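Working notes, structure below.
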Amino acid sequence: MSVELDVFVGNTTIMDKEVYQLWLNGYTVNDAVKVRIEGGVMEECEASAEVLLSDTMDQYRTFQMCERLLHHPAKLANQLLFQIPPDRQAMLIERYYAFDDSFVREVLGKKLSKGTKKDLDDVSIKTGIMLKSCRRQFDNFKRVFKVVEELKGPLVENIRQHFLLPDPLARDYAAIVFFANNRFETGKKKLQYLTFQDFAFCAGQLINNWTVGAVDNMMEDMDVDLDKEFLQDLKDLKILITDKDLLDQHKSLVCTALRGKTNVFNEMEANFKNLSRGLVNIAAKLINAKDVRDFFIDLVEKFIEPCRSDKLTSIDVNLYLTHYTNSAHILDTFKHHTVWTRYMGVIKSCILRMYHD
Amino acid sequence: MPGKLKAKIVAGRHLPVMDRASDLTDAFVEVKFGNTTFKTDVYPKSLNPQWNSEWFKFEVDDEDLQDEPLQITVLDHDTYSANDSIGKVYIDIDPLLCSEAATVISGWLPIYDTIHGIRGEINVLVKVDLFNDLNRFRQSSCGVKFFCTTSVPRCYRAVLVHGFVEELVVNEDPEYQWIDRIRTPRASNEARQRLIFLMSGELQRKIGLKVLEMGGNAVVGYLQCFDLEGESGLVVRAIGTACTLEKISTFPATATHPSNSSPSKDMKEPGFGEEAPGVPLSSGPPTPLRAQTFSSFSPSKSYSRQSSSSDTELSLTPKTGMGSGGSVGKEAGPLKALLRQQTQSALEQREYPFFTLTAFPPGFLLHVGGVVSARSVKLLDRIHNPDEPETRDAWWEEIRQEIKSHAKALGCHAVVGYSESTSICEEVCILSASGTAAILSSRFMQDGPPDTEHRFEEVVSPGCGFCHIPYDELNIPFPAQLTYCYCCRRYKVPDVLFTTIDLPNEANVTGKGCLIQARLCRTKKKAQGEGNATAISSLLPFLEYELHTQLMNKLKLRSMNALFGLRIQISVGETMLLGIASATGVYLTALPSPGGIQIAGKTPSDITYEQHISTMQKKINDTIAKNKELHDINPPEVVEEIIGSPIPEPRQRSRLFRSHSESSDEVSELDLSHGKKDAFVLEIDDTDAVEDIHALLTDSPTPAGFYSCNTEIMPGIQNWTSAIQMFTSVRVFRLNANLTNQGLNKIFSDLCENLLKSLYFKLRSMVPCCLCHLNFTVAIPEDELIQVAVTAVAMSFDKEQPLENGKQSGEKTLIKAVTENDEQLQFNLELNAETSSSNPRSSPKGLSEVGSHLSARDRCSSWIEQLKLKAHTIRRGSVKTTSSLEKASPLPEGRSRSLRSDRSYSGSSVAVVKMTPLSFIPGAKIIKYLGIINMFFIRETSSLREEGGVSGFLHTFIAEVFAMVRAHVAALGGNAVVSYSMKECVFMENPNKNQAQCLINVSGDAVIFVRESELDSTLVQTQSATTHPSNGGEGT
């Protein structure tokens, strides 16, 4: 004796948020039923395990049928098969495209290729996120990447329009796409302390200031690549460390401004040349794609770690960077003010964001 | 004569990839009607083609317009090989043929393929220019409106109810033709779909003709069914109730249509509601020509019945006259008798005084006798000549005669809530018909006595009158306990009342109702041919009896005394018979309070045995008490009349009752004048009773916050919110071999119970809510499989407001009902007055034209012009009104609507279409009926596993069917389907071959509704003069 067939179809498609989440998280039907039983829904509604199983299977089936539409969220709005109220549609899309920070940290900056996908089982074991869910998240990244890659115009806006995502989520995806495209290294041990949101913030800074789209909205090019011209210009900043006079002058200006304002003045003074060299060298090397990848690791090694070993607080760092940036403008022989501002603005906010334990 | 059908193919979207190489499709469209085909250009390399074709014009007879669907085929062009079909769309253009329904079909319709399901959508525009034809001998019946709704549709009023119409057409099933061996499954499925489309078109046209012949202009309660008889053919049959309807409208009156009905009649015959005291009838000279207008009343065919071969008449027919009744009161003098005779004579002229309606205009239904049903087992043989379906006709005629005689036995002249069904297994077919014997007022019948005389009877009993027994007290057709009515104390009522109709609005009810279901399984031996048929027909009476007993017990257990919406379905399989009876139990205030259930032992010597009985008795008593509380049943009489326990005196204990069917002398012993209630006694000794009791106690109560019923609405619940959720659920259960009857019963019962539990769980977010119109259908798709399908609607209601009606019995509700009628009535009259004054020339003049049109051919043209002119004003009028409704819904005007609806749902471009099996939408007013939706789909797969197994396959298919219904309704300009039902869901699988096939037939009425709140503001804007109660037309 067995139930051979069991379906329920509503004119308005019924979807339970909780079950949807379990499905997204990659639970099998039986595991989902267990979770629901533990959740106490049975007592609440005078239901039996049998009823729960039937409901869960049914919902899973519905989600599977919807999944194809969720791959092209715009289709969800004008398909006829399921009658889903707009707020529900938004919920479905948002949750489908939501991801785990711990997962994204693992693949951030990696090439979204088949090879990476094959390694997902390791990621799954490491993060404790079910493989199914990992695959979904990975495929989402890849899908968004593929669609947006070829599009003109602002990245975030493109993502929001094509995938009908809420703004914060669209920004996160922009960061993921941006990282994947530029292959930033994020997996090194020294970077482990950084969260996805740290990187997303930095990506936002880079997208808004260092890409072609950042200077000229009308440009044909897109937001995913860094502005080559700008990277070229960055080489000119080298003068700040190669010209001995300029370096000394810069140092004395900064020290004058800092004196008496911080407890760690001595450390700052002692380290000035070292830090300055670090930052300017990063700038000068960015023209090489390989060094772009190491951007974050360089920031940590060349700047954040030295500061940390000197026990600077983030207020100190802020103070230092502010004066470091501003003082350069007062230098007589330094002419690359725009490039400097564009560079240091991003560097400063990235470092500040990354400056934590 | 001719009409011009015009179609334009605008665009496609979401097409499937047909060319693997390019991942694109080169699509073009074939538009076919009858034998004419047009093609669009190929739109190369796109999944979203923009054809924007010219208007394809078909000049055709209106007969063909009614029969044929417009067939749109989307194909992929292939230079080197044959073009691949992407899918098809069938468009029923019937709604466009009626001036009052839709004017254009425009919108995105799913492209459907029987193998792949929905494959993209196509945007089309379809219009019809119809030249009015006044040929008396015409074969078409354009303009007759069809409604699935089994009551007078919400924005109409009944002028006349003519009576029963039926028709059936037969054909060979393409699936069983020799050619099927060489053609593809797709071709075969399409041939079938197309044939059924054609047959239902033809059927509808023929029924329409009969309606015109009777002088009506509409069919209400239209019920169309398919019998897939396999080798022996395909039968499509339909029944309905012919009516003359008149539109109640906020728009200028559109009540005149080219029908044969006498215009004077349309105006003068008082419709429902107009008769309440104090309101003047619409004035005018008495109609002079009443008798002359209609020459033929007989809805039946003149086929002779002799043709049915004797070997098919094997069996037959457990007679059941269920229910019980009261008597003609002694006060009823000769006048009443006279009146009855008159009405009766009016009805007797009809061959079958049957009505498919389940709800009636106030004052139409006078008395209810009880349920009448008839069944007959037949052996199918091949239909030799499709043009003369005599055998099938004769079969049904036989059954209808029997129903008629049952009704007569109950002292009734009419049968209401009438329906017919079949169950087929191989070559055996069970035909069933059932209804409720009743006495109707002649008010809506054309030959009835003048209404003035009739008033006498009405004044008596708005809230309880229908319960008063129609039959003679001294000549009761079956044993029943009669008492005086608990409302008026003047007439006799039965102790229980079973009916197939909805609870009348004006009925006095105590507490709330609930779904009551009896389920039964009986094994039978495998047999062939006649032996099989005989075996089945000998089993049937037992099955019915058992079901009846179960119903009765469950009714008592819930402390209720009446069943409404009773529907008994018996399904036949090779090795078993399944029976399921569903109804909504209520406590009618007019009927006596049911006594408890008393268990009696046969051998009272054993002490443990006594104990066993007494614990069981206690359990039952507890359940009854719990149920009373659950359903708010606390009639005041109980306290004063039943004192003490329901345990009967010792004398009675020894007596063995079994259900109500006691010997007749028992009945005469009872003291009728007191209405003393006896406990209902169950004898425990026999195993059946143990089983019964077990079944009684295993029915689990509905979870908190849920109510359920199988009628339109739940007695005792009124404040519905606008949240509704229609759903279909299907389960198939595989049985083990060698089960006993008991085992089977338990499994079947559990299956239904679990299904209900699942529904409650699914819909828990809607609490407090009621599952209305719970319609169970059972089938035995193959050996050891049981299929249960449910379609219903969940409706939320507001708990905050007190549920008044429940606790009030008697007069208060009664008065309320009367005043409501009053108000509604005034509203109608005012509107009528206004429309006629605002549009003075269309009605009277137009009508007089109709009166004299018959002979004068040359007048026809002027008549047509008049019509066109009127159509113009109508259209203009409606535009004016609807423009202020903008946000409300897709609007009747074609293009502007589609544009507007696109914009108004900014988030999504798909308009929301509500679906409900009920005839109304809570909190909303239906402002227009757009036509009937009647769709038939076949889906087949040979990759069952890949599509998610049987559940995945069926889930997708049902979702697709819903989607197609919604799309077609939206294309007609509607925003809802009411009276929706899934009449057929035949599922077959062959998992070993990885194959499955399913056939689904659905129907309903496409409508436009507006929310009541929006309607109010609109009305204030458009016609500030009219003030009316906000719930004017919306009786709950």
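Going down the list, the protein sequences come from chains R and C.
Here the first sequence stands for residues 1063 to 1419, numbered as in our numbering.
Here the second sequence stands for residues 126 to 1161, numbered as in our numbering.
In this text, a Cβ means the ideal position worked out from N, Cα and C, and glycines have one as well.
Model, not experiment: these values are computed from the prediction.
Proximity of PHE1225(R) to chain C, defined by a Cβ-Cβ separation below 8 Å, is not satisfied. Take GLN1199(R), set aside five residues on each side of it, and the residues of its chain with a beta-carbon closer than 6 Å to its own are PHE1161, PHE1165, in chain order.
ARG1167(R) counts as buried, since at least 16 other C-beta atoms from the protein chains shown sit within 10 angstroms of its C-beta. Residue pairing of PHE1061(C) in beta bridges, as defined by DSSP: ASN1126(C).
Here LYS133(C) carries a strand assignment [DSSP, helix/strand/coil]. One thing to note: CYS1107(R) has its Cβ no nearer than 8 Å to the Cβ of ARG856(C).
At least 8 Å separates the beta-carbon of ARG1233(R) from that of GLY1171(R).
Nearest neighbour of ARG279(C) by Cα position, chosen from PHE1134(C), MET1107(C), SER1138(C), turns out to be PHE1134(C).
Boundaries of the beta strand (DSSP E) harbouring GLY636(C): 634-648, taken from the DSSP string.
At a cut-off of 8 Å, the C-beta of GLU1112(R) has a neighbouring C-beta in chain C. Look at GLY1048(C): its C-beta is not under 8 Å from any C-beta on chain R. Its chain contains PHE1327 as the residues whose beta carbon lies nearer than 8 Å to that of ARG1321(R), once the 5 sequence neighbours on both sides are disregarded; these appear in chain order. Out of VAL214(C), PHE271(C), VAL1102(C), LEU234(C), the CA that lies nearest to the CA of GLU225(C) is found in PHE271(C). Taking the C-beta atoms as reference points, LEU1414(R) is found nearer than 8 Å to VAL1379(R). DSSP places PRO619(C) in the strand class (E or B) of the three-state scheme.
Relative to the Cα of LEU370(C), the nearest Cα in the group GLY488(C), GLY326(C), GLY268(C) belongs to GLY268(C). The C-beta of LYS1137(R) comes closer than 8 Å to at least one C-beta of chain C. The beta carbon of VAL1408(R) is closer than 7 Å to those of GLN1267, LEU1268, ASN1271, TRP1272 in its chain, skipping five residues each way along the sequence. Under the three-state reduction of DSSP output, ARG1123(R) falls in the helix class. Those residues of the region 1408-1419 of chain R placed with their C-beta closer than 8 Å to a C-beta in chain C do not exist. The beta carbon of THR1384(R) lies closer than 8 Å to those of LYS1410 in the same chain, with the five residues before and after it left out. Within the region 282-297 of chain C, no residue places its CB atom closer than 9 Å to a CB of chain R. If you ignore the 5 residues before and after ASN314(C), its C-beta comes within less than 7 Å of the C-beta of THR239, ILE1063, GLU1065, all in its own chain and listed in chain order. Rounded to whole angstroms, ILE1221(R) and GLU1156(R) show a C-alpha spacing of 13 Å.
Counting along the chain, no beta strand (DSSP E) covers TRP176(C), and no H or E run does either.
Excluding residues up to 5 positions away in sequence, VAL502, LYS503, LEU504, LEU505, ASN657, ALA658, ILE661, VAL697 lie with their Cβ nearer than 8 Å to the Cβ of VAL553(C) in the same chain.
Within the same chain, Cβ atoms closer than 7 Å to the Cβ of ASP1360(R) are found at ILE1344, the five residues on either side in sequence being excluded. In this structure, the alpha-carbon of THR714(C) lies about 9 Å from that of CYS610(C).
Taking all protein chains shown into account, ARG317(C) has 16 or more neighbouring C-beta atoms within 10 Å of its C-beta and is therefore buried. Pairing GLU188(C) with LEU323(C) gives a Cβ-Cβ distance that is not under 8 Å. For a Cβ distance threshold of 8 Å, residue set ASN1073 of chain R lies close to MET1040(C), ordered along the chain. For ILE247(C), the pairing in a beta bridge is given by DSSP as GLY137(C), LEU234(C). Residue range 209-216 is occupied by the beta strand (DSSP E) that includes SER210(C), with no alpha helix (DSSP H) assigned at that position. Between the C-alpha atoms of ASN160(C) and THR198(C) there is a straight-line separation of about 14 Å.
Considered as a whole, the region 1316-1377 of chain R harbours 1327-1347, 1351-1355, 1357-1360, 1367-1371 as its complete alpha helix (DSSP H) runs of no fewer than 4 residues, in chain order. Taking a 10 Å sphere around the C-beta of GLU1066(R), we find 16 or more other C-beta atoms and assign the residue as buried.
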